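Everything on this sheet refers to the single structure shown next.
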Amino acid sequence: MTEKKIWKGSDQYICDPELAQAFHMARVLAMPLLIEGEPGTGKTELPIQFAKDTDKPLFVYPAGSKSNVEQFVAKFDHVKYLRDSQVEVLNAQREAQGVSKKLSTGGRSTDRLDDYVIRGPGALSYSSPNSVLLIDEIDKAPREFPNDLLYALSHRKFVLPESGKIIEVSEQDMPTIVITSNREQELPTAFKGRCIYHYIAFPTPELMKEIVLKHHPKTDEKVLNKAVDVFYQMRKIGLERAPATRELLNWLKYLNAYDQEEALEHIKEMDSSGILIKTKADMEKVKTRAKYSTTNSI
Amino acid sequence: MFDSLPDHFRSHGLSADIKTLLLVRKSFKRGLITTLGDLYLVLKGIVPTDPSQYGPFAVAFYDYFLDIEIKKGEKLEHAVARSASFKDWKSKKLGDDDRELDFNEITTLVDQFLDEVHLTSYDIQEILSGEAILKTDDPDRKDTAEQDDVSSDEDVTKAADYSKYSLQELKERMERVLEQQRRKHKGGDHWVGEEGRSPYGQRGAAIGGVRVGQQGGGKMARAVIGDRRFYPVDKKAKLSDDNIDVALTLLKGIEEESIEMRLDIPNTIKEGVKMGGLFLPIEREHKEKKTEVVLLIDNGGYSMTPYIEVVTRLFSKMKRRFTHDLQTYYFHNTIYGGAWSDERRTKYLKLDKILKLAKKKCVFVIGDADMGPYELSDSSMKDWQELKEHFRKMVWLNPTIERLWPMSDTIPIFRQIFPMFPLTPEGVEKAVQEMNKKFVKS
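Residue numbers (our numbering), protein chains in the order written: chain A, 348 to 645; chain B, 2 to 443.
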């Protein structure tokens with residue numbers, strides 16, 4: 348058994364100890380890690396940063412409303428296959444007519460069905476030992492998708508279409524699989540049962556400050572405190588679309604263009620709140636609140 | 002191992018079975034579990050499949066492994082403080098010192114107890130690498146200063162003493178398991194050795210004066226108990242901010258299956274190649290699942306006012322989900338020949354426009370259906386009938402209390418036309434089931 352060391356995050360990525368342990372557990376048990384949580388809690392970042400930090404190949408499959416297992420595992424390119432078989436017929440005819448020039452099939456042969464199989468991220472990561480595989484936003488995929496994945500996940504093997512070739516991976520070489528979900532759709536229980544489940548709660552203000560500093564290390568402390576304070580207040584007032592980590596990071600990127608005093612003034616005036624607020628109704632709500640609070644300023 | 006665990010966890014509404022046990026055993030074998038804190042985290046990764054199960058999970062865990070019963074609505078700290086396990090641990094820790102402790106002292110002790118419960122091998126690593134000690138040294142000194150005036154070195158040694166009493170219960174339990182394991186599988190030695198070698202001895206020394214649980218599982222467990230986000234939603238409760246998400250996942254279940262024939266390109270090619278390049282089209286059934294939703298919302302009148310906010314919030318969330326497939330119309334009390342396409346009711350649409358929408362759309366009417374009998378005119382009734390005939394799938398969601406429906410003048414009339422459900426997560430679930438019933442043309 349290869350020793351798998353616990354990964355605690357990197358210079359760019361703060362990994363919550365509990366998440367780190369769940370991730371470690373998933374790797375040791377060779378099971379996929381299913382991470383659920385609000386947007387902006389760093390779900391997708393985990394496998395990306397892990398792959399980067401440990402120098403492992405990363406394969407990403409972003410799920411969408413049209414996702415299917417074919418795209419994920421492998422597809423058979425029927426059009427190319429048709430073209431090549433036609434080319435073969437043509438070449439035979441040309442030869443019969445004594446024409447020496449032949450059309451090329453680009454090294455593919457219709458005898459070798461494997462030539463026409465286009466491998467998706469699933470098949471690619473299974474054939475590359477100890478790689479990292481990210482299935483992003485699986486809740487966006489049609490309901491059948493997670494169910495169809497079950498087989499591959501529990502048997503550690505894929506069967507390629509048409510060619511029938513089997514890609515199998517041993518438990519040691521099993522890729523590190525991370526699946527993320529925003530909980531827009533309930534995933535099938537059987538699917539969840541095959542995964543290590545971890546729910547990321549939204550970071551506390553203290554952790555958030557650390558996260559910000561990882562991204563923007565030069566942020567002024569006073570500006571940071573005030574901005575994080577405002578950010579959490581906004582999350583509290585029940586907006587339609589509460590700002591998430593990404594928005595805060597963008598906002599601070601903007602504020603960092605100014606010196607301390609100017610930045611604080613910008614926070615007070617809320618003139619850059621378009622970075623944090625994404626709907627018109629929310630904007631109005633925030634503005635009315637801001638009016639109340641300008642009297643008791645910074 | 003832990004034979005009774007699945008039953009116990011199931012009694013708390015969690016799903017656990019023999020597979021859970023096998024995974025726990027695998028985790029033991031692979032060295033994932035050396036402390037109770039580790040076991041907590043492993044089980045937490047395996048058993049709950051939703052944040053709403055974290056609460057019951059923590060309760061079940063404390064009950065099973067520590068005999069600490071957390072009553073409904075009780076804080077974890079309180080449950081611990083009155084438990085026999087804690088008292089036992091405390092008396093061993095404090096030795097002869099059996100004077101009455103004040104509130105602060107108890108709090109500190111409970112914290113220490115929880116830290117020990119949730120101490121994981123990860124924490125131990127952290128501490129050994131010195132980071133945690135440096136980080137938490139100062140604030141912690143103050144905490145213990147009142148209890149014993151000793152230098153930090155001595156404190157650590159002293160701590161090592163009580164380590165061997167810590168969580169006696171767990172040890173006993175684990176030892177029993179260990180024995181079972183040994184008898185059944187020789188491979189069990191692996192983690193026995195490990196256990197004997199490291200965690201208990203180190204744990205005590207490591208934990209002396211250093212607060213670790215605050216950052217690991219202990220924090221989560223404490224946060225989880227008493228936070229209703231981590232408990233299952235009461236499906237009979239009125240729709241509110243807390244359970245909107247549950248209702249929405251249910252709404253997502255409306256399925257529209259359509260079958261059409263499409264050219265089957267792969268098979269056409271395959272057969273064509275077999276026939277030497279003669280391609281005959283082959284068709285196959287193509288199933289598509291699609292949900293298109295129409296909302297008819299009663300947003301006028303005093304009777305609807307208390308519900309407007311929650312209804313709009315539910316559907317503003319829905320809008321984000323069905324982005325392209327959601328149409329909303331508004332009416333006041335009942336419909337008279339048409340409805341409005343905006344919330345403020347300025348853009349009027351005649352009924353025949355609405356009736357031009359695809360028949361297969363799922364229509365939800367949301368309203369109290371309660372009005373003076375004179376308001377519900379014959380022509381209005383006819384409008385509703387027409388809608389009902391046009392849309393195959395149409396249900397009514399009523400925010401008022403179901404018990405009172407028969408008392409109303411008009412609700413019984415509407416119920417004769419539409420299947421009506423209360424606007425609760427359970428009601429929404431039933432409405433969705435109703436929608437999913439296979440439509441049989443009469």
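We put the CB at the ideal spot given by N, CA and C, even for glycine.
Treat the numbers as computed from the prediction; the structure is a model and nothing was measured.
The same chain holds no residue with a CB closer than 7 Å to that of Phe104/B once the five nearest residues on each side in sequence are set aside. Taking C-beta atoms under 8 Å as the contact rule, Pro489/A and Ser412/A qualify, at a distance of about 7 Å. Between the segment 73-88 of chain B and the segment 30-37 of chain B there are fewer than three inter-stretch CB-CB distances shorter than 8 Å, so the stretches are not counted as touching.
Selection Val575/A, Tyr601/A, Leu602/A and Asn603/A evaluated against Pro590/A yields Val575/A as nearest (Cα-Cα). In the structure shown, the three-state DSSP call for Leu120/B is coil. Cα atoms of Gln440/A and Asp461/A: separation of roughly 26 Å, rounded to the nearest angstrom. Within chain A, no C-beta atom comes nearer than 8 Å to that of Ile298/B; the closest sits roughly 17 Å away. Taking 8 Å as the Cβ-Cβ cut-off, the segment 48-65 of chain B approaches chain A at Pro49, Thr50, Asp51, Pro52 and Tyr55, given in chain order.
The alpha-carbon of Val274/B is positioned some 20 Å away from that of Lys449/A. The continuous stretches of alpha helix (DSSP H) do not include Ile584/A, and DSSP gives it neither H nor E.
Contact between the segment 543-551 of chain A and the segment 45-64 of chain B is present: 3 or more CB-CB pairs across the two stretches fall below 8 Å.
Taking Leu571/A as the centre and dropping the five residues before and after it, the same chain places the C-beta of Lys556, Val559, Leu560 and Leu599 closer than 8 Å to its C-beta, in chain order. If one requires a minimum length of 3 residues, the beta strand (DSSP E) runs lying completely within the segment 442-472 of chain A are 464-466, in chain order. In chain order, Leu356 and Lys360 place their CB closer than 7 Å to the CB of His391/B, counting only its own chain and leaving out the 5 sequence neighbours on each side. Here Gly301/B has His333 as same chain residues with Cβ atoms under 6 Å from its own Cβ, once five neighbours each way along the sequence are excluded.
Under the Cβ distance rule, Gly46/B counts among the residues neighbouring chain A, one pair being separated by less than 8 Å.
Residues of the same chain with a CB within less than 6 Å of the CB of Glu515/A, apart from the 5 flanking positions on each side, are Lys504 in chain order. Distance from the Cα of Leu296/B is smallest, within the candidate group Ser342/B, Pro374/B and Arg416/B, for Ser342/B. Glu533/A and Thr527/A have their C-alpha atoms some 13 Å from each other.
With contacts defined as CB atoms closer than 8 Å, Pro493/A and Phe538/A qualify as a contacting pair.
Distances from the CA of Lys362/B to each of Thr269/B, Met436/B and Arg31/B were compared; the closest alpha carbon is that of Met436/B. Cβ contact annotation for Leu405/A (same chain, cutoff 6 Å, sequence separation greater than five): Ala398 and Val479, in chain order. Closer than 7 Å at the C-beta level to chain B, one finds no residue of the segment 406-422 of chain A. Pro468/A and Arg459/A have their C-alpha atoms spaced approximately 22 Å apart. About 6 Å separates the beta carbon of Ile367/B from that of Val312/B, a gap short enough to meet the 8 Å contact definition.
Closer than 7 Å at the C-beta level to chain B, one finds no residue of the segment 499-516 of chain A. Residues Arg588 of the same chain have their beta carbon placed closer than 7 Å to that of Lys625/A, with the five preceding and five following residues left out of the count. Interface with chain A (8 Å Cβ-Cβ cutoff): Tyr41/B is excluded. In the DSSP annotation of this structure, Lys394/B is not part of any alpha helix (DSSP H); the continuous beta strand (DSSP E) holding it starts and ends at Lys394 to Asn399. With its beta carbon less than 8 Å from one in chain B, Tyr544/A belongs to the interface. Of the candidates Phe549/A, Glu553/A and Ala421/A, Ala421/A places its Cα closest to the Cα of Ala499/A. Taken in chain order, the members of the segment 108-122 of chain B whose beta-carbon sits within less than 7 Å of a beta-carbon on chain A are Thr121. Under the 8 Å criterion on CB atoms, Lys627/A is classed as non-interfacial with respect to chain B. Nearest to Val464/A by C-alpha distance, out of Glu509/A, Lys403/A and Phe578/A, is Glu509/A. Residue state for Trp341/B is assigned as strand, using DSSP reduced to three classes.
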